[in-house]
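Notes follow once the structure below has been shown.
In my numbering, the protein residues as written are 1 to 165.
Given below as structure tokens:
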């Protein structure tokens, strides 16, 4: 019948053949899909890493642009504040200048009014003096009086017109 050594060799060959068939089946149906899945997973992870690096670079660029924009906005804000101060100072100076000009104009108008009123007062005073002179002359002509009576007559006349020496 069979020798034990023969059975063992046959059994070993059978096991080796079964192992290779199993290995081929595993390679085709298990290792192949698993390896493909692992390769796809590796590619996916590599793409995610690449995408993350790209996003990080874009984020850093965006952050840099935002910092520059903020800096530019600060510079512009500072310029606006400075321009506003200059404009307010100019407006204040113009208001003061305008007020001074208006003050000078009012002062000149007041001087002209004073001079006009002064001229009118002098003219009125001259008329009154002329009237008084005529009245005094008329009174003196009506009466020829001595000095004491002339003085008395002048005082009376002055009282009549509203003045007292």
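Virtual Cβ for every residue (Gly too), placed ideally from N, Cα, C.
Range covered by the alpha helix (DSSP H) that runs through residue i
| i | result |
| --- | --- |
| residue 159 | 147-161 |
For residue j and residue i, the rounded distance between their alpha carbons
| i | j | result |
| --- | --- | --- |
| residue 92 | residue 54 | 56 Å |
| residue 119 | residue 126 | 10 Å |
| residue 32 | residue 41 | 14 Å |
| residue 56 | residue 95 | 57 Å |
| residue 99 | residue 105 | 10 Å |
| residue 89 | residue 77 | 18 Å |
| residue 159 | residue 114 | 29 Å |
| residue 62 | residue 71 | 14 Å |
| residue 24 | residue 13 | 16 Å |
| residue 36 | residue 45 | 14 Å |
| residue 164 | residue 152 | Any reading at residue 164 needs caution, since the residue's pLDDT is 45, under 50, leaving its predicted position unreliable; the model's value is listed next. Straight-line Cα distance between these residues: approximately 12 Å. |
| residue 16 | residue 52 | 48 Å |
| residue 59 | residue 73 | 20 Å |
| residue 9 | residue 34 | 34 Å |
| residue 50 | residue 43 | 10 Å |
| residue 178 | residue 87 | The chain is shown only over 1 to 165; residue 178 falls outside these bounds and no answer can be derived. |
Distance between beta carbons of residue j and residue i, contact taken as under 8 Å
| i | j | result |
| --- | --- | --- |
| residue 161 | residue 112 | About 30 Å; that fails the 8 Å criterion. |
| residue 157 | residue 132 | 7 Å |
| residue 134 | residue 154 | Residue 134 to residue 154, Cβ: 13 Å. No contact. |
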